[in-house]
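J.: Protein chains in written order, with our numbering: chain P, 762 to 1191; chain A, 762 to 1191.
Where is the CB? At the ideal position from N, CA and C, for every residue including glycine.
Number of protein chains: 2
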Amino acid sequence: MMRTRPLKVALLGCGVVGSEVARIMTTHADDLAARIGAPVELAGVAVRRPDKVREGIPAELITTDATALVKRGDIDVVVEVIGGVEPARTLITTAFEHGASVVSANKALLAQDGTSLYASADQHGQDLYYEAAVAGAIPLIRPLRESLAGDKINRVMGIVNGTTNFILDRMDTNGAGYSEALDEATALGYAEADPTADVEGFDAAAKAAILAGIAFHTRVRLDDVYREGMTEVTAADFASAKRMGCTIKLLAICERSADGESVTARVHPAMIPLSHPLASVREAYNAVFVEAEAAGRLMFYGPGAGGSPTASAVLGDLVAVCRNKLNEATGPGESAYTQLPVSPMGDVVTRYHISLDVADKPGVLAQVATVFAEHGVSIDTVRQQGKDGEASLVVVTHRAPDAALSGTVEALRKLDTVRGVASIMRVEGE
Amino acid sequence: MMRTRPLKVALLGCGVVGSEVARIMTTHADDLAARIGAPVELAGVAVRRPDKVREGIPAELITTDATALVKRGDIDVVVEVIGGVEPARTLITTAFEHGASVVSANKALLAQDGTSLYASADQHGQDLYYEAAVAGAIPLIRPLRESLAGDKINRVMGIVNGTTNFILDRMDTNGAGYSEALDEATALGYAEADPTADVEGFDAAAKAAILAGIAFHTRVRLDDVYREGMTEVTAADFASAKRMGCTIKLLAICERSADGESVTARVHPAMIPLSHPLASVREAYNAVFVEAEAAGRLMFYGPGAGGSPTASAVLGDLVAVCRNKLNEATGPGESAYTQLPVSPMGDVVTRYHISLDVADKPGVLAQVATVFAEHGVSIDTVRQQGKDGEASLVVVTHRAPDAALSGTVEALRKLDTVRGVASIMRVEGE
Ligand SMILES: NC(=O)c1ccc[n+]([C@@H]2O[C@H](COP(=O)([O-])OP(=O)(O)OC[C@H]3O[C@@H](n4cnc5c(N)ncnc54)[C@H](OP(=O)(O)O)[C@@H]3O)[C@@H](O)[C@H]2O)c1
Ligand SMILES: NC(=O)c1ccc[n+]([C@@H]2O[C@H](COP(=O)([O-])OP(=O)(O)OC[C@H]3O[C@@H](n4cnc5c(N)ncnc54)[C@H](OP(=O)(O)O)[C@@H]3O)[C@@H](O)[C@H]2O)c1
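(1) If we count the other Cβ atoms within 10 Å of its Cβ and call it buried at 16 or more, is A:Val846 buried or exposed?
(2) Look at the Cβ atom of P:Ala804, then the Cβ atom of P:Lys832, and state whether they are nearer than 7 angstroms.
(3) Just grab the DSSP bridge partners of P:Ala1053 for me.
(4) Nearer than 6 angstroms: is that true of the beta carbon of P:Arg809 relative to any heavy atom of ligand 1?
(5) Taking 6 angstroms as the cut-off, is the CB of A:Ile902 close to at least one heavy atom of ligand 4?
(6) With DSSP as the reference, label A:Thr934 as helix, strand or coil.
(7) Would A:Leu1154 and A:Val864 qualify as a contact pair, given that the criterion is a beta-carbon distance under 7 angstroms?
(8) In chain order, which alpha helix (DSSP H) runs of at least 4 residues are fully inside the segment 986 to 1043 of chain P?
(9) Given 6 angstroms as the limit, tell me if P:Gly897 has its C-beta closer than that to any heavy atom belonging to ligand 1.
(10) Any Cβ of chain A within less than 7 angstroms of the Cβ of P:Arg912?
(11) Alpha carbon to alpha carbon, how far is P:Gln1128 from P:Gln1146? Give it in angstroms, no decimals.
(12) Between the alpha carbons of A:Phe1133 and A:Met932, how many angstroms are there, rounded?
(13) Of all the CB atoms in chain A, is at least one closer than 7 angstroms to the CB of P:Ser1069?
(14) Tell me which same chain residues have a C-beta within less than 7 angstroms of the C-beta of P:Tyr951, skipping the five on either side of it?
(15) What residue does the alpha helix (DSSP H) around A:Gly844 start on, and which one ends it?
(16) Please determine if the segment 979 to 997 of chain A and the segment 905 to 919 of chain A are in contact, where contact requires at least 3 C-beta pairs separated by less than 8 angstroms.
(17) Can you say whether P:His1159 is buried or exposed, counting buried as having 16 or more other CB atoms within 10 angstroms of its CB?
(18) So the beta strand (DSSP E) A:Ile1140 belongs to, where does it begin and stop?
(19) I'd like to know if P:Arg903 contacts chain A, where contact means its C-beta is closer than 7 angstroms to some C-beta of that chain.
(20) Just curious, the alpha helix (DSSP H) that P:Arg796 is in, first and last residue?
(21) Classify P:Thr787: buried if its beta carbon has 16 or more other beta carbons within 10 angstroms, exposed otherwise.
(22) Indicate the three-state DSSP secondary structure (helix, strand or coil) for P:Thr947 in the structure shown.
(23) Whole angstroms are fine: how far does the CA of A:Cys1083 sit from the CA of P:Glu961?
(24) Going along the chain, which residues of the segment 930 to 954 of chain A sit with their C-beta nearer than 7 angstroms to a C-beta in chain P?
(25) Would you kindly check if the distance between the Cβ of A:Met1186 and the Cβ of A:Asp1005 is under 7 angstroms?
(26) Is A:Gly776 a contact residue of ligand 2, with contact defined as CB to any heavy atom under 6 angstroms?
(27) Which residues, taken in chain order from the segment 1075 to 1091 of chain P, show a beta carbon closer than 9 angstroms to some beta carbon of chain A?
(28) So P:Leu773 and P:Val842 are supposed to be a Cβ contact under 8 angstroms. How far apart are they, rounded?
(29) Strictly below 9 angstroms CB to CB, what residues from chain A border P:Ser881?
(30) Are P:Asp912 and A:Ser1073 touching if we call contact CB-CB under 7 angstroms?
(31) What three-state label does DSSP hand A:Ser908 in the structure shown?
(32) Helix, strand or coil: which one does DSSP assign to A:Tyr939?
(33) Between P:Leu1011, P:Phe999, P:Ala1172, which has its C-alpha nearest P:Tyr987's C-alpha?
(34) Any heavy atom of ligand 2 closer than 6 angstroms to the Cβ of A:Asn867?
(35) P:Arg850 bridges to which residues according to DSSP?
(36) Using a Cβ cut-off of 9 angstroms, which residues of the segment 882 to 893 of chain A contact any Cβ in chain P, in chain order?
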């Protein structure tokens, strides 16, 4: 059964993820060969700094010329773990042109150029797999694409960024402020020196674009994803959330509209009830909740990042792609067979938790309630707290279009009796 | 791209699961065609009672001659949702012989005859898929077989039977006794008239055999699985569990030994800490925890049964198998490339929670502690409660081989001062 010519793998990048991929390919070579049906051989490793010591990797495999490596012609599979858009994009399309399939962990590139990369793979009869690009080790892309291929997915809602979940978890458990929690995340290696991509939600937005595209069989561009970061979340927000039996998570939410004719994708902090399975996702773990018509509510949970978990996902793809090579077949390609419009955030139906500083005098509540009514937003609960002529009013709304909710907030800001809007946060998961 | 000749599907069985499969095939025909790349057509439906009204299924498709249906020669895929060993086994092998791939939800058959069915599929170049056989709608078989194909799985621990989880959840939340909770489960349709297969752990044991085989790439027979039901679990056990910060779940646990040279598979009730993700799996939901070397700790959660969730899993497989047919390829077959011995329960390393009724007199604890020491079992905690000359002693051990633990219990029973062993339960998930 076992064929003797090994499949040749070119590894582009040998950093946090790449070095683990190389290590497992070496230490578990026999298992991989048994699962694939042929041995796999590391044929070359492209890096930026050739002189860096790379344990377990024969020096003669190292090259700084990634382009030459993917053009060699004898490479069966290219594993791209460099990251970023260029040169990764050009290297991947060059790989397809030279008869190699590609496994990538590159969410930024996939979110931006997934469609053209798929087209290139398809044109050259090659595979493009990228399980590691969303939620690290958690099998998610394959279940969505394959296990749920006979079902209709209506909603994907998840914690897809470990850094921000770690920070929010610390704020929740220790009552820490944002910057204190960020410092801890940085010290422990959970946050990068420049945490912008994580805390401003760019990383999660890229993943939301990829997930929405797969879940709804349509194309969702990165620009289509509404994005709010979590740098403004305060200890006071957590205190409010607790009073409501909630916690706060940075969520990526992809939804099909009620009529099925459009979709939305968004990333923002939100209050979710403590009883929701996502509420108990601690530290840097990720978890994704999927609602499908027939399957019901599913959840996938696990480590969302880290060299070895991400390498696990890369290697799962490597096995699949190598098996396809041996069978002279390819796996399922892009399945964006519908082109559903992506609605703007204003059309998303959600709920707001609004905290107002108001004058402590009679009639304020009536005034505030009138503004909600004028915008067609119905109020679920109101809590008033007065102290020394100042008072706070916490309003939780029923579900309404985001445009109506944000319009309400704008109008509230203009009321004389409203001294300020202390916080606004969406409420999800009910 | 879309070929015009439809793929023909024979449906064997049209009960709880089969009727949903037929319904979704009809209502979502366009989506399925787009995802597969060709239309799929229901070519025949085999049942026992031909005269029963089956909504949405043309009468001319119904037959009681399942054998003739699978022998027709024009069938591409057979979906077996009859259940039980015969005639399902013979129908499946006949399908392979006549050039059809098979999708099945039949855990009983797969656990008993998986190896010979795989061999038959392989011999005839056909696929055998069975995502629905374990944990219903939860994508689990595919992630284990494919997503984690590049990793090494060390442990699979899960709640894989919804009926028993519903009963245990009620006992936990309402303080109900076993038979009261069982009555409620029966009334709500969660338990069958004869609940033996569920409450005695036979159903979970079949799933454990399937999971262990896939996770460890070895063959695990149903007889290899140690099995204890949950009919003896009492309200007092739940009270004890609560005092320890635990709850009680019926778990299926498959483990690789520390040296990697053997595996174990078992089903029994166990106490698990409330902080463990499996502890918060309520009602009839299922969840499976997987520990892999590189990926770390993953969890998969969702509805474990029910017509429509199970049909979702069947249809995901149907799409994959149809795609393979179009590509003239087959998916990954059995990958039992190792033959690891399955160790007996006595070799499993676990912890016991033991509740003893003892005489309330000095020296009893010393006597009891001596018995543990003689068996090489070290004690973690002891709690003594005395009342009117009677006393109870609750001992929680450290980890030790199950044989040493059960030997300890046998010896304790023989002590004059031990009036009875009120309960013994294993403790997992720490
Ligand atoms: N780290 C995670 O936890 C994680 C999780 C999920 C997905 N990912 C994705 O995985 C990918 C890799 O991430 P990482 O954390 O492993 O990054 P990393 O540690 O920064 O490693 C990047 C690697 O690429 C090499 N490289 C950079 N530019 C190159 C070029 N022009 N030609 C050849 N090699 C080049 C670097 O070489 P030198 O070694 O010489 O610097 C380094 O080996 C990214 O797409 C990331 O989004 C990472
Ligand atoms: N129900 C669930 O939630 C669930 C979940 C996971 C897996 N499964 C598995 O799915 C399979 C089907 O379960 P189910 O609940 O759908 O069972 P079910 O409701 O009892 O349906 C069985 C079907 O098979 C037909 N049948 C029985 N013997 C037959 C024979 N000799 N020839 C032709 N047809 C025959 C029956 O015909 P009549 O309609 O004429 O009686 C009926 O349509 C089982 O393997 C089960 O373990 C079920």
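T.: Considering the structure as presented:
(1) Its Cβ having fewer than 16 others within 10 Å, A:Val846 is exposed.
(2) In this structure, P:Ala804 sits away from P:Lys832, with a CB-CB distance that is not shorter than 7 angstroms.
(3) P:Ala1053 is bridged to P:Ile914, P:Gly1057.
(4) Yes, since a heavy atom of ligand 1 falls inside the 6 angstroms radius drawn around the Cβ of P:Arg809.
(5) This structure does not include ligand 4; its bound ligands are ligand 1 and ligand 2.
(6) DSSP places A:Thr934 in the helix class (H, G or I) of the three-state scheme.
(7) Result no, Cβ atoms of A:Leu1154 and A:Val864 do not sit closer than 7 angstroms.
(8) The qualifying runs are 996 to 1004.
(9) P:Gly897 Cβ: within cutoff of ligand 1.
(10) Looking at the sequence shown, residue 912 of chain P is not Arg but Asp. Yes, P:Asp912 lies at the interface with chain A (some Cβ there is under 7 angstroms from its Cβ).
(11) So the two alpha carbons sit approximately 16 angstroms from each other.
(12) Rounded to whole angstroms, A:Phe1133 and A:Met932 show a C-alpha spacing of 31 angstroms.
(13) Interface with chain A (7 angstroms Cβ-Cβ cutoff): P:Ser1069 is included.
(14) Correct list, in chain order: Gly923, Thr924, Phe927, Ala1045.
(15) Premise fails: A:Gly844 is in no alpha helix (DSSP H) and is neither H nor E.
(16) For the pair of segments examined, the segment 979 to 997 of chain A was found not to touch the segment 905 to 919 of chain A: the number of CB pairs separated by less than 8 angstroms stays below three.
(17) The residue is exposed, with fewer than 16 neighbouring Cβ atoms inside 10 Å.
(18) Taken as a continuous stretch (DSSP letters only), the beta strand (DSSP E) holding A:Ile1140 covers 1140 to 1148.
(19) So yes, P:Arg903 belongs to the interface.
(20) Looking at the DSSP string, the run of the alpha helix (DSSP H) that includes P:Arg796 is 790 to 797.
(21) Its Cβ having fewer than 16 others within 10 Å, P:Thr787 is exposed.
(22) Here P:Thr947 sits in helix by DSSP.
(23) Answer to the nearest angstrom: the Cα atoms are 43 angstroms apart.
(24) Here the close residues number zero.
(25) One detail in the question is off: residue 1005 of chain A reads as Met in this sequence, not Asp. One thing to note: A:Met1005 has its Cβ no nearer than 7 angstroms to the Cβ of A:Met1186.
(26) Result yes, Cβ under 6 angstroms from ligand 2.
(27) Cβ contacts with chain A come from Val1075, Leu1076, Gly1077, Asp1078, Leu1079, Val1080, Ala1081, Arg1084, Asn1085, Asn1088, Glu1089, Ala1090, Thr1091.
(28) With a beta-carbon spacing of about 7 angstroms, P:Leu773 and P:Val842 fall inside the 8 angstroms limit used to define contacts.
(29) Taking a Cβ-Cβ threshold of 9 angstroms, none of the residues of chain A is close to P:Ser881; the smallest such distance is about 17 angstroms.
(30) Closer than 7 angstroms, so yes.
(31) Under the three-state reduction of DSSP output, A:Ser908 falls in the helix class.
(32) A:Tyr939 falls in the helix class under three-state DSSP.
(33) Taking each of P:Leu1011, P:Phe999, P:Ala1172 in turn and checking the Cα distance to P:Tyr987, the smallest one comes out for P:Leu1011.
(34) Yes; taking the cut-off as 6 angstroms, the Cβ of A:Asn867 has a heavy atom of ligand 2 nearer than that.
(35) Paired residues: none, contrary to the question.
(36) Under the 9 angstroms Cβ criterion, the segment 882 to 893 of chain A contributes Glu892.
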